[in-house]
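Under the UniProt record's numbering, the residue at position 98 of the sequence shown is numbered 98, and the numbers go up by one with no gaps. Positions of the beta carbon are idealized from the N, C-alpha and C atoms, including for glycine.
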Amino acid sequence: MTMTDDDLDELLDDSPPDPGAGGGDGGAEDDEAQPIFDNVEDFVVEYLSPLICRRLNGTSLTWCPDWFLHAEAISRLNAMWRSWEHLRLEGALGSSSWWLHHADPHLGVLLNPDTGPFAACSPTDGHSKHPLDPLPVNRADPRLWLGTAFSTTAAARRALAD
């Protein structure tokens, strides 16, 4: 979808309030301290999707319209949403920090057509019936995790003391 001037005006009219332009008395009950979005889906559908416009051709960038069927995507988008909700309150540098340290790295992984979670999907054809396999793992010998470098539990400390 190509964004027109009217679309941009509508997005700007409907955008979340500027964190530095708040009314209120600055108390803990300020509307600014409340999340703008109720959940990650609202954040993705109402804010991120209209904001992020890319040429999705499946070779240089890709996306899955059914992003919610990908555990990694849910985790990364949830991290983006929660960090956005926090950093929007940080004033002048909050937005830049969110883009540089959260949005750009996560979007770089999510949209990567070779190694991202949507690599088997298509922006036009949707979710693949043959999703990617999870990373293969084997369980380690439990004694490996007893050291304080790998565990902060009281049980590990006790085991090392024995």
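| With a Cβ-Cβ cutoff of 8 Å, do HIS102 and ALA79 count as a contact? | yes
| What does SER122 pair with, by DSSP beta-bridge criteria? | GLY126
| request: Starting from GLY94, trace the alpha helix (DSSP H) both ways and give me its first and last residue. | output: 94–98
| Any chance the stretch 79–96 sits against the stretch 35–55, with 3 or more Cβ pairs inside 8 Å? | yes
| From which residue to which residue does the alpha helix (DSSP H) around TRP81 run? | 71–87
| How about residue 189 and ASP66: do their beta carbons lie closer than 8 Å? | With the chain represented from 1 up to 162, any question about residue 189 goes unanswered, as that position is not in the structure.
| said: For a test of the three-state rule: what should DSSP assign to TRP63, helix, strand or coil? | reply: The answer is coil: DSSP assigns TRP63 none of H, G, I, E or B.
| message | Rounding to the nearest angstrom, what Cα-Cα distance links ALA60 and ARG54 in this structure? | response | Position check: residue 60 holds Ser in this sequence, whereas Ala was assumed. Cα-Cα distance, rounded: 10 Å.
| field | Rounded separation between LEU146 and ALA140 - CA only | value | 12 Å
| message | Our contact map puts TRP63 next to PRO123 with C-beta atoms below 8 Å; I'd like the distance itself, whole angstroms only. | response | Between TRP63 and PRO123 the beta-carbon gap is near 5 Å, inside 8 Å, which marks them as a contact.
| field | For LEU110, the three-state DSSP class (helix, strand or coil) | value | Under the three-state reduction of DSSP output, LEU110 falls in the helix class.
| message | Do LEU110 and ARG88 have their beta-carbon atoms positioned less than 8 Å apart in this structure? | response | Against a cut-off of 8 Å, the Cβ pair of LEU110 and ARG88 comes out as no contact.
| task | Buried or exposed for LEU107, please, with buried defined as at least 16 other CB atoms from any protein chain shown within 10 angstroms of its CB. | result | buried
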